[in-house]
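To keep things clear, I will list the structure first and then write my remarks on it.
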Amino acid sequence: MMKQLTLFILFIFISNLVFGQEISKSTTQTITQSGIGLGSVIAVVTSWDRNKSILWALIHGILGWLYVIYFAFTRSE
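Using the UniProt record's numbering, you'd call the opening residue of the sequence shown number 1 and step up by one each time.
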């Protein structure tokens, strides 16, 4: 019983060291504000697949999720 309790406490201590990193609000904001969104990436890829035009891909990338939803409703099988 004492060995199991000691191993459990050791496991909790190591888990706290590994997973107990503090994430501040500024770190989260920096990560979410930089880069492009998933909707933009999907929109650019689907636009390029359909139109083969860089101009349309850029426009659809700016629109993001709106174009992705439009594409889902209008694509042909």
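Glycine is no exception: its CB is placed at the ideal position from the N, C-alpha and C atoms.
query                                                                                                                                               : result
Buried or exposed: where does S76 fall if 16 or more other Cβ atoms within 10 Å of its Cβ makes it buried?                                          : exposed
Who are the near neighbours of V44 in its chain, counting only those whose CB is closer than 7 Å to its CB and skipping five residues on each side? : A57, H60, G61
Only counting the same chain, and skipping five residues up and downstream in sequence, which positions put a Cβ closer than 7 Å to that of W48?    : A57
Using alpha carbons as the reference points, say which of M2, L63, F73 lies closest to G37.                                                         : L63
Need the endpoints of the alpha helix (DSSP H) that I59 sits in, please.                                                                            : 54-63
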